[in-house]
């Protein structure tokens, strides 16, 4: 693969990531885009360096993805037979600033079809795709015509409002330099806004409070630098797993909070359990067994934000008392 990218950033040598996402029914489902295999590479493109040829064998499958989907060895290597997405993103641990990615050219080298044959294949694919979508759309409308109009308008409005809130948050956000998550001072204004928004629209808002189990023991074993590396990798795992509207915050030390807009207590509990299992089964760089305890709660209309957070902290405390590596939810005061 050849790629020509100009990367404008305030730091020289800033790296970017390229993902070739492969779909295979052996491990992928259309309902879960994260299940598409992450064939990944990270490099520093610089400016005006022309096209960079990257052999496909240089790509590697992300270890967290293999662990999360329990991919067997025979399916854990790079795979390029059904690439459905190409993603380009900034590298790890960037600082708040203005960044610009300019994609000049993207080329794949290998066997090719004649222009005439390719045109025929494209026309056929467009026709088949159009037929498929027409049939699927007609069936969907026949089943849901009585309810989809109002529901679609409502969901569109909610998504737009959440998106605007997300943009506003990004403008004022401060990032924790070590973990790449937000810091607690960055979310003060956003948290007040999202609480007001949730109450006005009768929308749920939940909180997932996470603490790394026995972190002092980990720090004593690996040293201060090794402990920082664990926090850095832990923050990266949470950021990758969080949904678009979720906000991941390093609350202090080895404690993290994930704020989950438009999510009720049940949904937050399921999400927290998934995070706990990912952490427990993740292949950490230091090879130490790492687990976490999690407290979950849902915002109660009219209550102070401090009470909301303290209730989740109490749930976290109960999770530790009950033996750690577990999720405990608290429904009310």
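Numbering (this note's numbering), first residue to last: -13 to 319.
Just so it is clear, CB atoms sit at the ideal spot from N, CA and C, and this is done for glycine as well.
Predicted model, so just to flag it, every value in this text is computed and none were measured.
- Query: Assuming residue 321 and residue 22 make a contact with CB atoms under 8 Å, what is their CB distance in whole Å?
  - Reply: Outside the displayed span of the chain (-13 to 319) sits residue 321, for which this structure offers no information.
- Task: Return the CA-CA distance between residue 43 and residue 286, expressed in angstroms with no decimal places.
- Result: 52 Å
- Query: At which residues does the alpha helix (DSSP H) containing residue 197 begin and terminate?
  - Reply: Careful: residue 197 lies outside any alpha helix (DSSP H), inside the beta strand (DSSP E) at 191 to 198.
- Can you check whether the CB of residue -7 is closer than 9 Å to the CB of residue 30? yes
- Buried or exposed: which applies to residue -13, given that a residue is buried once 16 or more other Cβ atoms fall within 10 Å of its Cβ? buried
- With a 10 Å radius around its C-beta and 16 neighbouring C-beta atoms as the bar for buried, classify residue 238 as buried or exposed. exposed
- Message: For a quick check, are the C-beta atoms of residue 231 and residue 148 less than 9 Å apart?
- Response: yes
- Task: Using only alpha-carbon positions, find the residue among 243, 52 and 58 that is nearest to residue 298.
- Result: 243
- Please report the Cβ distance between residue 194 and residue 257, rounded to the nearest whole angstrom; I am assuming they are in contact, meaning their Cβ atoms lie under 8 Å. 7 Å
- Message: In the DSSP assignment, the beta strand (DSSP E) including residue 279 goes from what residue to what residue?
- Response: 278 to 284
- Message: Using CA atoms only, rank isn't needed, just tell me which of 262, 252 and 9 is closest to residue 61.
- Response: Of 262, 252 and 9, the residue nearest in Cα terms is 9.
- the region 215 to 230 contacting the region 176 to 186, beta-carbon criterion three pairs below 8 Å: no
- Who are the near neighbours of residue 75 in its chain, counting only those whose CB is closer than 6 Å to its CB and skipping five residues on each side? 3
- Message: Pairs of beta-carbons, one from the region 213 to 222 and one from the region 168 to 178, closer than 8 Å: are there three or more?
- Response: no
- Measure the C-alpha to C-alpha separation of residue 65 and residue 288 and round it to an integer number of angstroms. 51 Å
- Just confirm the distance between the C-beta atoms of residue 313 and residue 252, as a whole number of angstroms; I'd bet it's less than 8 Å. With 8 Å as the limit, residue 313 and residue 252 do not qualify as a contact, their Cβ atoms being about 12 Å apart.
- Query: Going by beta carbon distance, what residues of the same chain come within less than 8 Å of residue 13, once the five residues before and after it are set aside?
  - Reply: 21, 23, 55, 57 and 61
- Query: For residue 91, which residues of its own chain have a beta-carbon under 8 Å away from its beta-carbon, when the five flanking residues on both sides are left out?
  - Reply: -12, -11, -10 and 37
- Message: Using only the alpha-carbon positions, how far apart do residue 130 and residue 122 sit?
- Response: 12 Å
- Query: Near residue 271, which residues of its chain fall below 8 Å by C-beta distance, leaving aside the five closest residues on each side in sequence?
  - Reply: 215 and 219
- Task: In the DSSP assignment, find the alpha helix (DSSP H) that holds residue -7 and state where it starts and stops.
- Result: Here residue -7 belongs to no alpha helix (DSSP H); instead the beta strand (DSSP E) covers -12 to -6.
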